[in-house]
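Heads up: the structure comes next, in structure tokens.
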Amino acid sequence: MDKDKTMPLIVIFVCRLMLILSHGLIWLLKMTEIYITYLYHHIRSYWLNIDSKTKACLTRIPVNLAICIGLEDSKQIDMDKIGQLICWCQTLSIQTLTIYHYCDTFPEMMNTIDGIQVQTISLKSSHQSLIESARNICQSSLPITIDRISEHLRHEGKYYRLDDPDLLICFNSDQRTLQAFPLWQIRLTEIFFLTTHRHLNKSQFLYILKRFSRCQQRFGK
Ligand SMILES: *[C@@H]1O[C@H](CO)[C@@H](O)[C@H](O)[C@H]1NC(C)=O
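The sequence shown maps to residues 7 to 227 in this note's numbering.
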């Protein structure tokens, strides 16, 4: 190959490599940031002090909690709040927390922080996973069944990887939309709306949990 042809290839290769490295670095920085804010709140013991009256109301605690952010007054994530939320989830023995951000570039990752599984997902988990699942299902000769769709959307993808959330809190400044949160995962989920995650406080959080406790799920019956 002559020099004129190889040069652009080398440039493309180097650019791709830098892109991959920068994605990895962003991923690492985000997770470190979440972990550090969590530690900060852990040390300051930002636990929920739950009085006996509230405790009596909380007969049912969500096992998997999800939050939806990004369509609020500002797109900025308040890491401090996320750290607090992880501490609160630990107080209540909530096992998994899914943080969904309404944008394509939010790094998708999963990590265990002191026993609680934290997963961050973006628009890719809803759009891209639907596209890829549809493509895989169509390319195979097996019949299309609900189980197969479910399997593709739940387990095969590299996107949403935890169990379905029991409770979803959507933070949204004006409209009540689900912000394209992966829909397959929330068919049986209780959904609550609040304006912004930045001002989330313990009383609001406990209020939502109390309402969640009181919900009766009839599963379409
Ligand atoms: C919690 O937030 C709500 C809504 O922003 C507010 O009305 C309430 O006063 C706050 N509670 C505390 C204890 O700060």
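No residue lacks a Cβ here, since even glycine has one placed at the ideal position from N, Cα and C.
Residues sharing a beta bridge with residue i, DSSP
| i | result |
| --- | --- |
| residue 157 | None, per the DSSP bridge assignment. |
| residue 72 | 104 and 174 |
| residue 85 | Partner(s): none; residue 85 has no beta bridge. |
| residue 198 | 175 |
| residue 183 | The partner list for residue 183 (beta bridge, DSSP) is empty, contrary to what the question assumes. |
| residue 124 | 103 and 117 |
| residue 77 | 178 |
Residue burial classification, residue i (beta-carbon count within 10 angstroms, cutoff 16)
| i | result |
| --- | --- |
| residue 55 | exposed |
| residue 171 | buried |
| residue 19 | exposed |
| residue 35 | exposed |
| residue 87 | buried |
| residue 76 | buried |
| residue 178 | buried |
| residue 29 | exposed |
| residue 96 | buried |
| residue 109 | exposed |
| residue 151 | exposed |
| residue 175 | buried |
| residue 92 | buried |
| residue 234 | The structure shown does not extend to residue 234, since the chain is modelled only from 7 through 227, so no value can be given for it. |
| residue 173 | buried |
Alpha-carbon spacing of residue i relative to residue j, whole angstroms
| i | j | result |
| --- | --- | --- |
| residue 47 | residue 37 | 16 Å |
| residue 60 | residue 220 | 12 Å |
| residue 136 | residue 157 | 12 Å |
| residue 196 | residue 183 | 14 Å |
| residue 272 | residue 90 | Coverage of the chain is limited to positions 7 through 227, which leaves residue 272 absent and any answer about it impossible. |
| residue 159 | residue 74 | 19 Å |
| residue 100 | residue 148 | 38 Å |
| residue 155 | residue 70 | 22 Å |
| residue 215 | residue 153 | 31 Å |
| residue 107 | residue 10 | 43 Å |
| residue 145 | residue 206 | 45 Å |
| residue 203 | residue 81 | 11 Å |
| residue 185 | residue 84 | 18 Å |
| residue 41 | residue 126 | 13 Å |
| residue 230 | residue 201 | Any property of residue 230 remains undetermined from this structure, which presents the chain solely from 7 to 227. |
| residue 43 | residue 94 | 13 Å |
| residue 115 | residue 223 | 31 Å |
Nearest-angstrom Cβ-Cβ length linking residue i and residue j, presumed shorter than 8 Å
| i | j | result |
| --- | --- | --- |
| residue 131 | residue 188 | 5 Å |
| residue 231 | residue 218 | In the structure as shown, the chain begins at 7 and stops at 227. Residue 231 is therefore absent and cannot be evaluated. |
| residue 33 | residue 113 | 5 Å |
| residue 191 | residue 166 | 6 Å |
| residue 98 | residue 124 | Not quite, the Cβ-Cβ distance comes to about 15 Å (not below 8 Å), so this is no contact. |
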